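If you're matching positions, the sequence shown starts at 1 in the UniProt record's numbering and goes up one per residue.
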Amino acid sequence: MKFVSVISMVLASALLVACASEPTSREPANLTSFDAEKKLKKEWSYSLGDGQAEAYHRIAPTVDGDEIFIASSDGKIAALNKSNGKKVWKKSYDLRISGGVGVSSTFLFVGTSDGEVVAIDRISGDIVWRVSLNSEVLSAPQSNGSVVVVQTYSGEVRGLNFADGEQLWSYSSQLPRLTMRGTSTPTVVSDIAMIGFANGHVIAFDIENGSQLWDQRISVPQGSTEIERLVDVDGRLRVMEDGQTVVATAYQGQVMAIDIRSGRPLWVKEASSYVGAADSLGKVYIVSADGSVNAIDDNGQGALWTQTVLARRELTEPVVFIDTIGVGDFEGYLHLLAREDGRLVARTRVDSDGLRAPMIADEKLLYVYGNSGKLVAYKLQDR
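See below:
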């Protein structure tokens, strides 16, 4: 019996905080008062099913065109107008959704706890095809319109035919005895699919045939215990604004910028993170496992600022929203930090069940999907 299945659910929440915290304090930092310079105004909200439910899912919404798509773990999916939140369609399926939503020009893609990948017509909401894999799917399948790429919790990657789900190729990684509860979402750039693995590697594949283009080790296991040797690349890979570089983060490892075509490392910094990075205007923003938010130059050379007031609050992936950096926490608070120096400028509580899924900033709205299934769109205003 694998150690993975017994321990990883616990690691997903409490253990991450405990391992990465300071020796003298393992409790989440209390919220501090500050002079709010900005105000988050709710534009609209929409509730769907039971959201992430009791499982440690990070089912994220997806914006494409004029619509935003959301899914809940109890099998509900909705397409909404992204400007006003009005429902385009909503359907309930006999699915235990655990990874979603991927989107293409014609299909939506979700993964399930039962090891299925399901393609859904994005206009009608009808199921087009579904295929069974051998393991739970915890991240959203992705596609270039020809091939659908999915990673399973067992460390396998499958390339599926876009039209009917037939398997085209597969890859199996070496899974450590102990992993976190999650998998990296495949990142597709043209004909390249890049995926982070629980063994600390990021591998790029030719999306059409599955051949390996390059393999970079982001983190090397160290220590004498299985917990100390955790090196998962769980966070989403971030394609930077230049379109030529991808940034990968690893737990108890490094942050690495990689040339997408060659796989050559451009810079590396020591860090520990289990969520993806953000970038904007020559800066990269990283949420460390200890709850600090960090800004560095996008050449990896300079640390610009570090904000520690949210220590051990189990922060989400950061998002750049206008002139701020947004992060959510385990108590459901959304925090905005000034992009230039990291000071707190705004805060609001979105969902008392907490925030875990990555947020989306699109034009002038920030979309936040709470653990209870509440999706809220915010506009940023000056006080």
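Using N, Cα and C, we set each Cβ at its ideal position, and we do this for glycine too.
A quick note: this is a predicted structure, and the numbers were derived from the prediction, not measured.
Through-space distance from residue j to residue i, alpha-carbon basis
| i | j | result |
| --- | --- | --- |
| I192 | D206 | 5 Å |
| L334 | R347 | 6 Å |
| I322 | T306 | 19 Å |
| V239 | A78 | 27 Å |
| I127 | A119 | 6 Å |
| I260 | N299 | 15 Å |
| residue 384 | G276 | Absent from the structure is residue 384, since the part of the chain shown begins at 1 and ends at 383. |
Range covered by the beta strand (DSSP E) that runs through residue i
| i | result |
| --- | --- |
| T324 | 324–328 |
| H335 | 333–338 |
| P265 | 265–271 |
| S154 | Here S154 belongs to no beta strand (DSSP E), and DSSP marks it neither H nor E. |
| E116 | 116–121 |
| L366 | 365–369 |
| I258 | 253–259 |
| A361 | 360–362 |
| Y46 | 38–47 |
| T62 | 62–64 |
| Q307 | 303–307 |
| V110 | 107–112 |
Exposure label - residue i; buried when at least 16 CB within 10 Å
| i | result |
| --- | --- |
| L281 | exposed |
| I258 | buried |
| N371 | buried |
| V17 | Residue placement at V17 is poorly supported in this model, since its pLDDT is 37, which falls under 50; the coordinates still yield a value, given next. Buried, by the Cβ-count rule. |
| E54 | exposed |
| R383 | exposed |
| R58 | buried |
| K76 | buried |
| K87 | exposed |
| F109 | buried |
| N199 | buried |
| S72 | buried |
| P23 | For P23, the predicted structure reports a pLDDT of 37, less than 50, and the residue's modelled location is therefore unreliable. A value from the coordinates is still provided. So P23 ends up on the exposed side. |
| S288 | buried |
| Q381 | exposed |
| V157 | buried |
| G253 | buried |
Contact set for residue i: own chain, Cβ-Cβ below 6 Å, skip 5 residues either direction
| i | result |
| --- | --- |
| L138 | S98, G99, Y153, G182, T183 |
| V350 | G332, L334, V368, G370, V376 |
| S352 | G332 |
| T62 | F69, V101, V103 |
Close beta carbons around residue i, own chain, < 7 Å, minus the five adjacent residues each side
| i | result |
| --- | --- |
| F162 | S143, G145, S146, V147, V148 |
| M359 | T316, V319, G326, G328, L366, Y367, V368 |
| E136 | S98, S113, G115, T152, Y153 |
Cutoff 8 Å: residue i Cβ touching any chain B Cβ
| i | result |
| --- | --- |
| L344 | This model lacks chain B altogether; it includes just one protein chain. |
Any non-hydrogen atom of the ligand SAH within 7 Å of residue i CB
| i | result |
| --- | --- |
| T245 | By its list of ligands, the structure shown contains no ligand whatsoever, and the ligand SAH lies outside what it can speak to. |
Residues near residue i in its chain [Cβ-Cβ closer than 8 Å; skip 5 each side]
| i | result |
| --- | --- |
| Q222 | E228, R229, Q252 |
Spell out a yes or no on whether the region 358–375 and the region 189–204 are touching, meaning 3 or more CB-CB pairs, one atom from each, closer than 8 Å.
-> Touching, no.
contact_flag[the region 155–173, the region 120–127] where n(CB pairs < 8 Å) is 3 or more | No: the two stretches stay apart, fewer than three of their Cβ pairs being nearer than 8 Å.
Determine, using beta-carbon pairs with one atom in the region 79–89 and one in the region 33–49, whether at least three such pairs fall under 8 Å.
-> Contact between the region 79–89 and the region 33–49 is present, because at least three Cβ pairs lie under 8 Å.
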